[in-house]
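Residue numbering for the sequence shown follows the working numbering, beginning at 308 and increasing consecutively. Here is the structure we will look at, set down as structure tokens.
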Amino acid sequence: MKKLSRVLIFLSAIAIPIYTSSQKKIQNVHSGQYQMPYLRKQDKTTQLIVDDNPFLIMGGELGNSSFTSVEYMEPIWPKLKTMNMNTVLAPVYWELIEPAEGKFDFELLDMLVKKARDNNFKLVFLWFGSWKNSTSSHAPSWVKKNQERFPRIKDDKGTSHEILTPFSENNLQADLKAYKSLMKHIKETDANDYTVIMIQAENEIGMLPTARDYSSLANERFQENVPTELMQYLERNKENLVSEFSEVWGKNGLKNSGTWEEVFGKGSQTDEIFMAWYYSKYTNSIVEAGKAVYPLPMYVNAALNYPQSKPGINYPGGGPLPHLMDIWKAGGPSIDFLSPDFYFPDLKHWCDLYTRQGNPLFIPEHRFDNTVAAKAAYTLGHYESIGFAPFSVESSGNPENEPLGKMYNVIGQLIPIITAHQGQDKIEGVLLDKQNQETVFKLGNYEFKVRHSYTLGYENNSRNETWNMAGAIFVQTGEDEFYVAGSGFVVTFRNLSNPSLNVGILKVDEGRFENGKDWKIIRHLNGDQTHQGRHIRIFLDDYSILRFELYNYN
Ligand code: DGJ
308 MKKLSRVLIF LSAIAIPIYT SSQKKIQNVH SGQYQMPYLR KQDKTTQLIV DDNPFLIMGG
368 ELGNSSFTSV EYMEPIWPKL KTMNMNTVLA PVYWELIEPA EGKFDFELLD MLVKKARDNN
428 FKLVFLWFGS WKNSTSSHAP SWVKKNQERF PRIKDDKGTS HEILTPFSEN NLQADLKAYK
488 SLMKHIKETD ANDYTVIMIQ AENEIGMLPT ARDYSSLANE RFQENVPTEL MQYLERNKEN
548 LVSEFSEVWG KNGLKNSGTW EEVFGKGSQT DEIFMAWYYS KYTNSIVEAG KAVYPLPMYV
608 NAALNYPQSK PGINYPGGGP LPHLMDIWKA GGPSIDFLSP DFYFPDLKHW CDLYTRQGNP
668 LFIPEHRFDN TVAAKAAYTL GHYESIGFAP FSVESSGNPE NEPLGKMYNV IGQLIPIITA
728 HQGQDKIEGV LLDKQNQETV FKLGNYEFKV RHSYTLGYEN NSRNETWNMA GAIFVQTGED
788 EFYVAGSGFV VTFRNLSNPS LNVGILKVDE GRFENGKDWK IIRHLNGDQT HQGRHIRIFL
848 DDYSILRFEL YNYN
């Protein structure tokens, strides 16, 4: 009898999906039926699987101090709902969960998770542990006040700063214990619901105000040889290293042993590589320990650097930046991916750098400006990203009219269609403004020429100095059938396999998905709305979904 109940407990714990005889999955029997969130390779793309389905994070990150009280969050939840977000990126603060060493307090966190769950949001937790924007401001007071035991970095003048050194085993063990407790608690309280779907380990790690740490622990390590583990990784991956890094290593003769300065030369680039290695090792240990308890996907994020700027001086050095990608991959094999935070322009440039070597793209932060709606569509389309989340989304004064919310509404309806076609060259995203008015791409047999809708000259603001950004996502669902969601574009077509054929528009429907699956037509578009069959368009202030079919004629 005992044995049988143990088997039953085991079976319920592994959460087997329940199927009817026709193999159709019964939903909502209880949420414990699902597997926990995980990353899955789908052809060329990496998908985040949540509740057994591919998921796109249409998210928003909270300002740093909002998730510290139930009362403060109360008016925020409805705002986020109004903006059609499905995921909230929220910090978990080391100082609040472990106010006294070894005494964990998850009461507040539990109340907040419950609120998120009641509001039907998923959560990505941001672990504000050893580092948050370089500093250790979120370390608990018992860590801050015991500098002997928890040593800090020192700059080149020997002055220490409120930044825990990554070279201290005590620092690592203290953070790691707290993180493991957090993961254990999430497992115990959330493994039937999976409200928490992913974790960001630390936040914008990076060395300031010098390129490297000059504490005695760091100095000792700096005199040692580059660890064999790193040298072997670089040797093994020599042909595939990112070009900026190969260049640094190559300039110094591609040496495969020696001290940091012997292998990479003297200068801040070497100081930064040295820091990146130890930051990545430290973070990897935390992630590995956390995953051993409860293996949610875990990633790291970076504050970007201006080109030609100096690590430590102009930007936090050694973080998970594109030119240090190889170091972070070598030192952080348990970290699932590296993510950029956007407070600079040049989104395409940085996304191109971050998607090298198969690194999945997820944008956990973007300044909450008037470009985010278009950029959400573009990054989910062009890079088939896991998701997008502007920073401090609760600051919206007008959530009903937020372009991001309107974009999330239309893209949200298309998630099953988008994810079913990922990794197969069937999806494209566009991002257009006055400087980039036009883009051309291929989907199936067709060439799409997409222009900013202001190029038509119909809209009032089209004579303005600057044009608000337009963005859309296109998905090919059949040989001649497509969906598009977004705003501010006009598209025309050419047949690529037989250029002598003309391409006509067979039909265009504007519609919406109901119950997540049933396509409901709102209106058939033709006449002036398609320029008498010549193009398909959505104006800049409109956000809609169109389904269209093309055909060919002589
Ligand atoms: C980037 C950080 O990751 C956020 O936590 C926040 O501090 C923003 N910068 C502020 O702009």
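Each residue gets a CB set at the ideal place from its N, CA and C atoms; glycine is no exception.
Reduced DSSP secondary structure (H/G/I, E/B, other) of residue i
| i | result |
| --- | --- |
| Glu405 | coil |
| Tyr850 | coil |
| Pro324 | Note that Pro324 scores a pLDDT of 31, beneath 50, so its modelled location is shaky and nothing firm can be said. |
| Asn477 | helix |
| Gln836 | helix |
| Phe571 | helix |
| Asn768 | helix |
| Thr678 | coil |
| Ser703 | coil |
| Val757 | strand |
| Ile470 | strand |
| Lys451 | helix |
| Asn563 | coil |
| Ile580 | helix |
| Ser646 | strand |
| Ala254 | With the chain covering only 308 through 861, there is no way to say anything about residue 254. |
Of the residues the options, the one placed nearest residue i, counting alpha carbons only
| i | options | result |
| --- | --- | --- |
| Gln340 | Val357, Leu346, Gln349 and Pro604 | Val357 |
| Phe362 | Ile724, Ile634 and Lys452 | Ile724 |
| Gly704 | Val798, Asp676 and Ser692 | Asp676 |
| His673 | Gly688, Tyr761 and Ala696 | Ala696 |
| Leu524 | Ser475, Asn532 and Leu548 | Ser475 |
| Tyr650 | Ser699, Glu707 and Arg528 | Ser699 |
| Trp584 | Trp567, Thr466, Leu483 and Lys598 | Trp567 |
| Trp628 | Gly730, Val607 and Ile722 | Reading off the sequence, residue 628 comes out as Leu, not Trp. When each option's Cα is compared against that of Leu628, the closest is Val607. |
| Gln836 | Met490, Lys351, Phe552 and Val798 | Val798 |
| Thr577 | Gly597, Tyr860 and Gly619 | Gly619 |
| Glu511 | Trp556, Asp462, Gly624 and Ala596 | Gly624 |
| Ala609 | Lys598, Ala596, Ile593 and His630 | His630 |
| Glu745 | Phe374, Val737 and Ala681 | Val737 |
| Phe457 | Lys491, Gly626, Ser437 and Gly793 | Ser437 |
| Leu416 | Thr375, Ile383, Ser444 and Tyr379 | Thr375 |
| Leu548 | Gly465, Ala596, Asp500 and Gln664 | Gln664 |
| Asn393 | Ile364, Leu369, Glu405 and Ser641 | Ile364 |
Alpha helix (DSSP H) segment containing residue i, residue limits
| i | result |
| --- | --- |
| Ala696 | Segment: none, Ala696 is in no alpha helix (DSSP H) and carries neither H nor E. |
| Cys527 | Residue identity check: residue 527 is Glu in the sequence provided, not Cys. Here the alpha helix (DSSP H) through Glu527 covers Ser523 to Gln530. |
| Ser553 | Ser550 to Lys558 |
| Asp633 | Met632 to Gly638 |
| His728 | Unbroken run through His728: none, as it is neither H nor E. |
| Tyr540 | Thr535 to Arg543 |
| Glu378 | Val377 to Met380 |
| Lys655 | Leu654 to Tyr661 |
Exposure of residue i, with buried meaning 16 or more beta-carbon neighbours within 10 Å
| i | result |
| --- | --- |
| Gln615 | exposed |
| Thr678 | buried |
| Ser564 | exposed |
| Tyr858 | exposed |
| Glu542 | exposed |
| Ser328 | Low per-residue confidence applies at Ser328: pLDDT is 29, beneath 50, and the placement is therefore not dependable, though the value from the model is reported in the following sentence. Counting Cβ neighbours within 10 Å, Ser328 comes out exposed, since fewer than 16 surround it. |
| Leu479 | buried |
| Asp633 | buried |
| Arg830 | exposed |
| His728 | buried |
| Ser522 | buried |
| Tyr601 | buried |
| Gly811 | exposed |
| Met776 | buried |
| Tyr501 | buried |
| Tyr613 | exposed |
| Lys351 | exposed |
Endpoints, beta strand (DSSP E) assigned at residue i
| i | result |
| --- | --- |
| Met390 | Here Met390 belongs to no beta strand (DSSP E), and DSSP marks it neither H nor E. |
| Asn802 | Phe796 to Asn802 |
| Glu709 | Neither: Glu709 is in no beta strand (DSSP E) and is coded neither H nor E. |
| Val810 | Asn809 to Glu821 |
| Leu739 | Ile734 to Leu739 |
| Glu414 | No beta strand (DSSP E) holds Glu414; the alpha helix (DSSP H) holding it covers Glu414 to Asp425. |
| Ala508 | Val503 to Asn510 |
| Gln354 | Thr352 to Val357 |
| Asn360 | Asn360 to Phe362 |
| Phe748 | Glu745 to Leu750 |
| Leu346 | Tyr345 to Gln349 |
Integer Cβ distance of residue i from residue j, believed to fall under 8 angstroms
| i | j | result |
| --- | --- | --- |
| Ala407 | Trp449 | 6 angstroms |
| Thr662 | Tyr685 | Going by Cβ atoms, the distance from Thr662 to Tyr685 rounds to 13 angstroms, so no, they are not a contact pair. |
| Phe875 | Gly795 | In the structure as shown, the chain begins at 308 and stops at 861. Residue 875 is therefore absent and cannot be evaluated. |
| Leu430 | Val395 | 6 angstroms |
Residue-chain proximity (residue i, chain C), Cβ-Cβ < 7 angstroms
| i | result |
| --- | --- |
| Tyr400 | As a matter of chain content, chain C is missing from the structure shown, which is built from one protein chain. |
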